[in-house]
Amino acid sequence: MMLRVLILSLTLFTGFAQATVLQRPVTLDTGTGELFGSLLLPKSDNPVPVVLIISGSGPTDRDGNNPDGGRNDSLKRLAWVLAKHNIASVRYDKRGVAASLAATPDERNLSVEAYAADAVAWGQKLKADPRFGKLILLGHSEGALIASLAAPKVDAAAVISLSGSARPVDQVIREQLARSLPPPLMLRSNELLDSLKAGHTDDNVPQPLQVIFRPSVQPYLISLFRQDPAKAFAQLQMPALIVQGSNDMQVGVGDAQALKAAKPDAELAVIDGMNHVMRIVHNDMKRQLASYKDPNLPLAAELGAKIIEFIDGLRAS
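Just so we're aligned, residue 1 is where the sequence shown starts under our numbering, counting upward by one.
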């Protein structure tokens, strides 16, 4: 196994020296606002596979950066790894985020359903482009759920879940907060989670909890909490790859195993030492947090190797 990963990693390295890649901005008119993205297209005489990269939760942009969490360029770097191995990609700013802010400037109007519809529209645009071959939807973190919801509607060739949760997100938030909040705030956060899960907003949010439960984001959370990621993943009829890091402090290996149980024919790759922003980082909170703000850290080599191996298998089928 390690030898295969080494060989693939060396192939990746060689590809960086050989590939010619076209970089272009791309846009999508959704009818309810324009979305902005980035295309990486390797030079090729034949159609190449294209990966639609869907970013994670909150104001995370097309490159994997979040004004609250820092700049790490995780998705941008991943796109370049793919491009150098003759795989095209489009990554985009979700509506309400970064360059696509004007599409939905008020976060009260955001929803999981709108995000999924946008992914479908992007997918349709890419499938209609003769430069592209098979369409793969890759979602990171919350984006994995969006990919699972959108893939059947756009008849994608495959889905890649990268650090995706198997549980409804309210359960994940509850677990994360239990590790850090004092009992009074934990009690109030559980009350808020229960209310939102039931479909009700609650404006009585203590200041320390505003970043998570501010009233303006609650409609989105209601739409998110009614989703069951494992169920959506189980319904996929196309090939799927689950990639999870062992040192991810936001999503655990148990979630990846649950996704695998939901769809037994999916491939599962657990990358030893990889964290949520796709870097090899020790399970140390200080180092983990620093990696979220360091775009110069290399991606885990096995990550690119696994994804490329999976897509190459699609090309051969």
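Glycine included, each C-beta is placed from N, C-alpha and C at the ideal position.
According to DSSP, is residue i helix, strand or coil?
i: Tyr292; result: coil
i: Gly133; result: strand
i: Met56; result: As written in the sequence, residue 56 is Gly, which differs from the Met given in the question. Correct three-state label for Gly56: coil.
i: Ile308; result: helix
i: Leu196; result: helix
i: Val120; result: helix
i: Pro152; result: helix
i: Ser141; result: coil
i: Val169; result: helix
i: Met249; result: coil
i: Ala158; result: strand
i: Gln227; result: coil
i: Arg24; result: strand
i: Val50; result: strand
i: Arg91; result: strand
i: Leu39; result: strand
i: Ala262; result: helix
i: Met186; result: helix
i: Met285; result: helix
i: Leu221; result: helix
i: Val97; result: coil
i: Gly69; result: coil
i: Val112; result: helix
i: Ser74; result: helix
i: Gln207; result: helix
i: Val243; result: strand
i: Val81; result: helix
i: Asp255; result: helix
i: Leu268; result: strand
Which residues in the same chain as residue i place their Cβ atom closer than 6 Å to its Cβ, once the five residues preceding and following it in sequence are excluded?
i: Pro295; result: Arg71, Asn72 and Asp73
i: Leu177; result: Ser189
i: Ile307; result: none
i: Glu267; result: Leu241
i: Leu110; result: Gly96, Thr104 and Tyr220
i: Asp255; result: Ser165 and Ala166
i: Ala116; result: Ile146, Leu149 and Ala150
i: Gln257; result: none
i: Asp272; result: Ser246
Am I right that residue i and residue j are in contact with their C-beta atoms under 8 Å? What's the rounded C-beta distance?
i: Val81; j: Gly37; result: Contact doesn't hold; Cβ gap of about 18 Å is too wide.
i: Gly143; j: Gly56; result: 5 Å
i: Ala99; j: Asp93; result: 5 Å
i: Thr30; j: Asp118; result: 6 Å
i: Val172; j: Ser165; result: 5 Å
i: Leu192; j: Val205; result: 7 Å
i: Leu39; j: His140; result: Their Cβ separation, rounded to whole angstroms, is 18 Å, which puts Leu39 and His140 out of contact at 8 Å.
Please name the residue, chosen from the options, that lies closest to residue i on a Cα-to-Cα basis.
i: Ser216; options: Asp203, Pro208, Asp68 and Ala166; result: Asp203
i: Val120; options: Ser148, Val97, Gln257 and Gly33; result: Ser148
i: Thr20; options: Leu28, Leu41 and Thr30; result: Leu41
i: Val277; options: Ala102, Asp29, Asp63 and Thr27; result: Asp63
i: Ser246; options: Ser163, Pro67 and Ser223; result: Ser163
i: Ile222; options: Pro59, Lys84, Glu107 and Val48; result: Glu107
i: Ile87; options: Asn46, Ala232 and Leu299; result: Asn46
i: Ala261; options: Pro105, Tyr292, Pro229 and Asp194; result: Pro229
i: Val243; options: Gln124, Leu181, Ser161 and Leu28; result: Ser161
i: Ile311; options: Val26, Ala83, Leu75 and Glu113; result: Ala83
i: Leu35; options: Ala79, Thr60, Trp122 and Ser44; result: Trp122
i: Gln207; options: Val281, Ala150, Glu309 and Leu185; result: Leu185
i: Ile54; options: Pro25, Leu138 and Ala258; result: Leu138
i: Gln124; options: Pro182, Leu187 and Leu28; result: Leu28
i: Arg279; options: Val270, Tyr292 and Val48; result: Tyr292
i: Thr32; options: Asp155, Ile271 and Ala114; result: Ala114
i: Val48; options: Asp265, Leu192, Glu191 and Leu22; result: Leu22
i: Val112; options: Gln227, Pro183 and Arg24; result: Gln227
i: Ala269; options: Glu309, Ala290 and Val281; result: Glu309
Could you pull out every residue in the same chain whose Cβ sits closer than 7 Å to the Cβ of residue i, ignoring the five residues on either side in sequence?
i: Ala157; result: Lys134, Leu135, Ile136, Met238 and Leu314
i: Thr11; result: Annotation note: pLDDT 39 at Thr11 (below 50); position unreliable, coordinate value reported separately. Counting only Cβ-Cβ distances below 7 Å, and skipping sequence neighbours, we find nothing.
i: Leu320; result: Missing from the structure shown is residue 320; the chain here goes from 1 to 317 and no further.
i: Asn65; result: Arg71, Asn72 and Asp73
i: Phe225; result: Pro168, Val169, Asp170, Leu196 and Lys197
i: Gly58; result: Asn66 and Asp68
i: Arg77; result: Leu299
i: Lys153; result: Val120
i: Asp61; result: Ser55, Asp93, Val97 and Ala98
What residues in its chain sit with their C-beta under 8 Å from that of residue i, if we drop five residues either side in the sequence?
i: Met249; result: Asn275, His276, Asn283, Met285 and Gln288
i: Arg179; result: none
i: Thr201; result: Ser195, Pro215, Gln218, Pro219 and Ile222
Sufficient close CB pairs (3 or more, under 8 Å) joining the stretch 235 to 250 to the stretch 205 to 224: no
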